[in-house]
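J.: Pasting in a structure now, in structure tokens, and then I'll have a few things to ask.
This is the structure we're talking about:
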């Protein structure tokens, strides 16, 4: 768990630095940072799709994942509940910023593969590299959306920790196909987040988050059917 703890600490430190910088940022600079983060999210999402969608062995799975995950998220009213909780403690676009931060920190390839490499090979290279990248990203996010972005570090810790534990207990079940499908769905969600920040189209990103649970469930069913 060393790599995950390091990654989380970098996010927390980055948010503290970004929050301090936010106090001296004028509205015009704040707006350009918002545009920059929107473009970054858009670029990362497109990159994930371009690199992983052609390698998918189940090209319809991401469609089913988004549809099923979106319906479940709407049924649970995740977006409304999350926005209500955040609005009680802050103003502005923190909910949108947190959704973006969680997607950027949790759905990157390094954030998924890193805990698996740490669990199976005791290799922390990916997590250490991801920690440095997330630290820089969190500075920009916190300087744009505020100190509340730090809560994404908690989500990141439990996300990577869950993957780490899953890798320990399912050593022989994790394969590159599952990671590929997760990255595709994550890439689409990151694109949706980027479009929202840029003001092009507002998506209920949090209602779509359960989509990332569909590929693991699908692969578990396939594995059970082969027994």
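Residue numbers (the working numbering): 813 to 1039. Each residue gets a CB set at the ideal place from its N, CA and C atoms; glycine is no exception. Computed from a predicted model, the values in this text were never measured in an experiment.
Give me the residue from 935, 960 and 927 with the minimum Cα distance to residue 909.
T.: Translated into the one-based positions of the chain shown, residue 909 becomes position 97. Comparing Cα positions, the closest option is 960.
J.: Which of the three DSSP states, helix, strand or coil, is assigned to residue 1012?
T.: Counting from 1 along the chain shown, the entry for residue 1012 is found at position 200. Three-state result, residue 1012: coil.
J.: State the Cα-Cα distance for the pair residue 863 and residue 978, rounded to the nearest angstrom.
T.: Taking the first residue of the chain shown as position 1, residue 863 is located at position 51. Taking the first residue of the chain shown as position 1, residue 978 is located at position 166. C-alpha separation (whole angstroms): 25 Å.
J.: Please report how far the alpha carbon of residue 945 lies from the alpha carbon of residue 926, in whole angstroms.
T.: One-based indexing of the chain shown puts residue 945 at position 133. One-based indexing of the chain shown puts residue 926 at position 114. The straight-line gap from Cα to Cα measures roughly 13 Å.
J.: Looking at the secondary structure, which residues open and close the alpha helix (DSSP H) in which residue 936 lies?
T.: Walking along the chain shown from the start, residue 936 turns up at place 124. Element bounds for residue 936: n/a, residue is neither H nor E.
J.: Would you mind sorting residue 949 into buried or exposed? The rule is 16 or more other CB atoms within 10 Å of its CB.
T.: In the chain shown, counting from the first residue as 1, residue 949 sits at position 137. The residue is buried, with at least 16 neighbouring Cβ atoms inside 10 Å.
J.: With a 10 Å radius around its C-beta and 16 neighbouring C-beta atoms as the bar for buried, classify residue 1019 as buried or exposed.
T.: Residue mapping note: residue 1019 aligns to position 207 of the chain shown, counting from 1. Burial call: buried.
J.: Hey, could you find the ends of the alpha helix (DSSP H) residue 886 is sitting in?
T.: To locate residue 886, count along the chain shown from 1; it is residue 74. Counting along the chain, the alpha helix (DSSP H) containing residue 886 begins and ends at 873-887.
J.: Run through DSSP, which three-state label would residue 870 get?
T.: Stepping through the chain shown from its first residue, residue 870 is reached at position 58. Coil.
J.: Could you pull the start and end residues of the alpha helix (DSSP H) that residue 1019 belongs to?
T.: Numbered from 1 along the chain shown, position 207 holds the residue referred to as residue 1019. Run containing residue 1019: 1017-1020, per the alpha helix (DSSP H) assignment.
J.: Please list, in chain order, all residues of the same chain as residue 1004 whose beta carbon is under 6 Å from its beta carbon, the five residues on each side excluded.
T.: Your numbering for residue 1004 matches position 192 in the chain shown. Within the same chain, residue 1004 has close Cβ partners 1015 and 1017.
J.: Using the beta-carbon count (16 or more within 10 Å), is residue 896 buried or exposed?
T.: Taking the first residue of the chain shown as position 1, residue 896 is located at position 84. Classification of residue 896: exposed, given that the 10 Å Cβ count is below 16.
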